[in-house]
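Visitor: For reference, the structure I am asking about is given below.
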Amino acid sequence: MKVEKSVISQRGKIVVCPIEPVNLPEKVATYMEIDFDPLFLEPFSKTTIYLTFPIEIGVFVVAKKDIKPLDVFSFIPQKYSLYGPSNGGVISRWAYSPVYAAIPEVNPFECGVMQLTLHNTTREWVEVARALFEAYSMKIYYSDELVSMSAIMRILSSKTAETEFFKEPLVEGMKKAIEFYLGRDIPVVKHNGMMEWGLV
């Protein structure tokens, strides 16, 4: 679908950047779930992995402190899933990712790279095969070669965890993306991406 819009401005500029991947179609999900091959974490351990996540691209006109969204698009299809029970779970943007030990090479127009620290705070071995993230808290950074986020997943029990994003780029010199989700006309309740219905 082709979209054309005319912008009349003396001081405004057009900004094209990656945004939280929960905007297409409109107002469907407030979370993103990434599934990956199972990992077994030893008690009280902390390890870092790299995952890929889907990209959506926002087009904005920016003038002084005012930011107006013009369009949102993506080069890949959207998939959604239900995390949790049918009578109380949450709809999430769904994606599968391989697990990487280092930053992988990806197409920055289709996928970003997430540095995820897995922190097992329990006294038991824990199996983990998915992570749930709240869109409100996402902090996206980008350059010409890479789109990234950094986060931690604190494992609280064999079935529960919480995720939180860091305000830092994966590579020095990356730009901070516009937080488009904050401007959506929907209620926001921030609670650090609590995972209450399982880690696998």
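FYI, the working numbering numbers position 157 of the sequence shown as 383, with every residue one higher than the one before it. Glycine is no exception: its CB is placed at the ideal position from the N, C-alpha and C atoms. Owing to the predicted nature of the structure, the values given are computational and were not obtained by experimental measurement.
Taking 9 Å as the threshold (C-beta atoms), are asparagine 249 and valine 325 in contact?
Guide: By 1-based counting over the sequence shown, the position of residue 325 is 99. By 1-based counting over the sequence shown, the position of residue 249 is 23. Not closer than 9 Å, so no.
Visitor: Using 8 Å as the cut-off, classify the Cβ of alanine 377 as near or not near the heavy atoms of the ligand NAP, replying yes or no.
Guide: The model on display carries no ligand, and the ligand NAP is accordingly not part of it.
Visitor: I'd like the span of the beta strand (DSSP E) that includes methionine 375, first residue to last.
Guide: If you number the sequence shown from 1, residue 375 lands on position 149. Residues 373-381.
Visitor: Rounded C-beta distance between valine 339 and threonine 389? I'm assuming under 8 Å.
Guide: The count along the sequence shown starts at 1 and reaches residue 339 at position 113. The count along the sequence shown starts at 1 and reaches residue 389 at position 163. Incorrect: roughly 16 Å between the Cβ atoms, too far for contact.
Visitor: What is the DSSP secondary structure of phenylalanine 406, counted as helix, strand or coil?
Guide: Counted from its first residue, the sequence shown places residue 406 at position 180. Phenylalanine 406 falls in the helix class under three-state DSSP.
Visitor: With a threshold of 16 other CB atoms inside 10 Å of the CB of tryptophan 351, please say whether the residue is buried or exposed.
Guide: As a position in the sequence shown, residue 351 is number 125, starting the count at 1. That one is exposed.
Visitor: So what's valine 300 in DSSP terms, helix, strand or just coil?
Guide: Working through the sequence shown from its first residue, we reach residue 300 at position 74. What sits at residue 300 in the sequence shown is serine, not valine. Serine 300 falls in the coil class under three-state DSSP.
Visitor: Tell me whether tryptophan 351 sits in a helix, a strand or coil according to DSSP, three-state version.
Guide: Counted from its first residue, the sequence shown places residue 351 at position 125. It is coil, neither helix nor strand.
Visitor: Look at the Cβ atom of tyrosine 407, then the Cβ atom of glutamate 246, and state whether they are nearer than 9 Å.
Guide: If you number the sequence shown from 1, residue 407 lands on position 181. If you number the sequence shown from 1, residue 246 lands on position 20. In contact: tyrosine 407 and glutamate 246 (Cβ atoms closer than 9 Å).
Visitor: Just tell me which of Lys253, Glu282, Arg319 has its CA closest to the CA of phenylalanine 359.
Guide: Residue 359 sits at position 133 when you count from the first residue of the sequence shown. Of the candidates Lys253, Glu282, Arg319, the one whose C-alpha sits nearest the C-alpha of phenylalanine 359 is Arg319.
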